[in-house]
Amino acid sequence: MGPLWKMTVVELKLFVRDPTTMVFTFAFPLVVLVVLAGVFGNTPETGDEGEVAFRGVGPIDYYVSAYIALTISSVGLIALPVRLAGYRELGVLRRFRASSAPLVAVLGAQLIMMLVLTAVGSILLTSLGFAAYDIAAPEDLGLVLAGFVLVVVGFAAVGLLLGAVLPSARAAQGIGLMLFFVMMFLCGAGPPRDVMTDSMRTVGDVLPLTYAITVLQDPWLGFGWDVTGAAVMAATAAISGAAALRFFRWQ
Amino acid sequence: MEEQDGVAIRASGLRKSYGDVVALDGVDLDVRRGEIFGLIGPNGSGKTTTVECLQGLRAPDAGTMDILGCDPASDRSVLRTKVGCQLQDSALPDRLKVWEALDLFASLAPGADDWVRLVEEWGLASKRSAAFADLSGGQQQRLFIALALVNKPELVFFDEMTTGLDPASRRVAWQLIEEVRERGATVVLVTHFMDEAEHLCDRVAVLRAGRVVACDTPGALIASTTAGVTVTFTCDVEDLGWLQRIPGVAEVSRSGSRVAIQGAGPVLVRTAAALAAHGLEPEDLDVERRTLEDAYLALADQPSAATAEGLAG
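Chains as they are written, first to last, in the numbering used here: chain A, 23 to 273; chain B, 7 to 319.
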């Protein structure tokens, strides 16, 4: 087995042995989904003047795809940078460097791990949605999967950049959690954007989770392919990824 | 070819600054193949920076390096297969198991050693499936040493490898270092323990304020920096003035019944002969040899062009 594969397997094992991160990554979105279903149910509602709250679909149809994006953002903004910054802080990266571990293996393992984790999280969310709330199946599964990979790569790049520049696990955790909750509440994974004020929407417009959600939601709900969102995610991936490689420090 | 001229490391004029702090101020080193080479010096004298440059972990600001015929800055693949490192200030993920660490690092080096054998040799067999964080300090250190050897290196750097080991583990580590050398590898040992350097090293370089101030065998360093020996014994006889007349004796001092004679040359034999001639046979006649620690302290005290802050830092 090559170093990339070995490192990926080790990273996945370490993730499974870390219950706190596991619970936050997998259980948190499930619990919030159950709470929201209790509050809103899954029936599309239209106001007296024809205004809609959840893009005109059932709230849980809305939230399952949004929470797949949220799970991806949680791994990319918190778990991945905490891991990388902690490795630098403890001297794990120094140890790797001294053995000439290829950078591609160190960072690639994080990306593959993130793909696996977020795929598991997405399957859990979707299964809960189908089993308990009878959500709609994806209209265009192929585009949903393409959107999934694009969003994972985009947030992985953001995570690698945060992990590359933040000095310690503690700093990564603080900044990651802050970014995560700001995005969760302003990008449509908390209150839907339809009910936000204009200023909230404006802030949401510059945050990547907004686009991550629509890239997954549009093909799922039959709104087509979100070209703008896909372009934003691709640009996020390219710019953050290049910056991560540029600013990465082994010690 | 470099392979034949018996040189493992040749470094000249290494300089490295961190902002205003000069860590290396022109370090020159030659390490021969097959020797155990020690680097000693006070904290902040540049020992770790020197080995980090030689390991390719830091780029020096100036100077040239030749490691086993390669430049560590540009030729990392050679380092991967020929050089092993045990680093100060490094760690592994808390929940990584011993066997997983060895397996992972073995995968980084083509033609790596059989790590199962390393687990046995380094007394980690019972800890194979233990997590890194659950190992004692000594066990973690032994794991790092095993990791340093996993690529069957021709040159191994040990940076304060016995720090944190209990005395018994230290002796085991010393034996294993000698075994590493007997198998043909060159060893560079950074240490704060003078007994360790004196016991293990063929040659020792003393760093001070980013420069090599002395480099020789431990014996030669001791001889060049400290004069003579001290002979001691216990004696109740009042008049010992004749001791002063023994050739080579510089000073006789007395503290109660304890007598100390300082001098150079075969003072012990002459003192013993003189005592016997005077009918005295003290049972505790002993000689205090100068150690590398004495030489080190003498070198550290010597005035030099460099500032004294280098010693404190």
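All residues carry an ideal CB built from backbone N, CA and C; glycine is no exception.
{"Check": "Excluding the 5 residues flanking Leu133/A on each side, which residues of the same chain have their C-beta closer than 6 Å to its C-beta?", "Outcome": "Ala178"}
{"Check": "Considering only heavy atoms of the ligand SAH, does any lie closer than 7 Å to the CB of Ser135/B?", "Outcome": "Among the components of this structure there are no ligands whatsoever, and the ligand SAH is therefore not found."}
{"Check": "Could you say which of Ile46/B, Leu303/B, Gly62/B lies nearest to Ile15/B if we only look at CA atoms?", "Outcome": "Gly62/B"}
{"Check": "With respect to the alpha helix (DSSP H) encompassing Ser259/B, which residues constitute its N-terminal and C-terminal limits?", "Outcome": "From DSSP, Ser259/B is part of no alpha helix (DSSP H) but of the beta strand (DSSP E) over 255-261."}
{"Check": "Rounded to the nearest angstrom, what separates Thr65/A and Leu267/A at their Cα positions?", "Outcome": "46 Å"}
{"Check": "Between which two residues does the alpha helix (DSSP H) containing Glu106/B stretch?", "Outcome": "104-114"}
{"Check": "Checking contacts by CB at 8 Å: is Pro99/B closer than that to chain A?", "Outcome": "yes"}
{"Check": "Which chain B residues sit within Cβ distance under 9 Å of Val32/A?", "Outcome": "Pro99, Leu102, Glu106, Ala107, Asp109, Leu110"}
{"Check": "Where Ala179/B and Ala234/A are concerned, what is the direct C-alpha to C-alpha distance, given to the nearest angstrom?", "Outcome": "54 Å"}
{"Check": "Going by DSSP, what residue range makes up the beta strand (DSSP E) through Phe203/A?", "Outcome": "Where Phe203/A is concerned, there is no enclosing beta strand (DSSP E), although the alpha helix (DSSP H) it sits in stretches over 191-208."}
{"Check": "Are the CB atoms of Val273/B and Ile267/B nearer to each other than 8 Å?", "Outcome": "yes"}
{"Check": "My output table needs one value for Leu36/A: the three-state DSSP class, helix, strand or coil.", "Outcome": "helix"}
{"Check": "Can you give me the C-alpha to C-alpha distance between Lys22/B and Gly52/B, rounded to a whole angstrom?", "Outcome": "9 Å"}
{"Check": "Determine the closest residue to Ala191/A out of Val249/A, Ala153/A, Val228/A, Val114/A, with distance taken between C-alpha atoms.", "Outcome": "Val114/A"}
{"Check": "Interface residues of chain A around Gln145/B at Cβ under 8 Å?", "Outcome": "The contacting residues do not exist; Gln145/B stays about 16 Å from chain A at best."}
{"Check": "Are the CB atoms of Leu188/A and Ala107/A within a distance shorter than 8 Å?", "Outcome": "yes"}
{"Check": "Find the nearest neighbour of Gln273/A within the set Leu34/A, Gly212/A, Tyr109/A, judged by alpha-carbon distance.", "Outcome": "Tyr109/A"}
{"Check": "Which value, in whole angstroms, describes the spacing of the CA atoms of Phe138/B and Ala91/A?", "Outcome": "34 Å"}
{"Check": "What does a CB cutoff of less than 8 Å around Asp72/B pick up in its chain, not counting 5 residues either side in sequence?", "Outcome": "Glu8, Val13, Ile15, Arg16, Ala17"}
{"Check": "Assuming Lys88/B is part of the alpha helix (DSSP H), what are its boundary residues?", "Outcome": "82-88"}
{"Check": "Using DSSP bridges, identify the partner residues of Cys207/B.", "Outcome": "None, per the DSSP bridge assignment."}
{"Check": "Would you mind working out which of Leu147/A, Arg39/A, Arg105/A sits nearest Tyr155/A, comparing C-alpha positions?", "Outcome": "Leu147/A"}
{"Check": "Does any residue of chain A have a CB that is nearer than 8 Å to the CB of Leu286/B?", "Outcome": "no"}
{"Check": "Going straight from the alpha carbon of Leu307/A to that of Cys59/B, what length do you get?", "Outcome": "Given a span of 23 to 273 for chain A in the structure shown, any question on residue 307/A remains unanswerable."}
{"Check": "From this set, Ala101/A, Thr68/A, Leu167/A, Pro41/A, which residue's C-alpha is nearest Gly198/A's C-alpha?", "Outcome": "Ala101/A"}
{"Check": "Compare the beta carbon distance of Val265/B and Leu286/B with 8 Å and say whether it is the shorter of the two.", "Outcome": "no"}
{"Check": "Do Ala107/B and Leu112/A count as a contact pair if the criterion is CB distance below 8 Å?", "Outcome": "no"}
{"Check": "Between Gly32/B and the rest of its own chain, which residues show a CB-CB distance below 8 Å, the 5 nearest in sequence each way excluded?", "Outcome": "Gly19, Leu20, Arg21, Gly69, Gly216, Arg217"}
{"Check": "Using the rule of at least 16 other Cβ atoms within 10 Å of the residue's Cβ for burial, across every protein chain shown, is Trp128/B buried or exposed?", "Outcome": "buried"}
{"Check": "In terms of alpha-carbon separation, which member of Leu52/A, Ala168/A, Leu208/A lies closest to Phe152/A?", "Outcome": "Leu52/A"}
{"Check": "From which residue to which residue does the alpha helix (DSSP H) around Arg177/B run?", "Outcome": "173-188"}
{"Check": "Can you list the residues of chain B that Pro25/A reaches, using a CB-CB cut of under 7 Å?", "Outcome": "Ser113, Leu114"}
{"Check": "For Phe269/A, count neighbouring C-beta atoms within 10 Å of its own C-beta (all shown protein chains included) and say buried if the count is 16 or more, exposed if not.", "Outcome": "exposed"}
{"Check": "Can you confirm whether Cys59/B, when its beta carbon is compared against all beta carbons of chain A, has any partner nearer than 8 Å?", "Outcome": "no"}
{"Check": "Compute the Euclidean distance between the alpha carbons of Ala279/B and Pro253/B, then round it to the nearest angstrom.", "Outcome": "12 Å"}
{"Check": "For Pro230/A, collect the residues of the same chain with a Cβ closer than 6 Å to its Cβ; drop the 5 residues on either side in sequence, then sort them by chain order.", "Outcome": "Thr258"}
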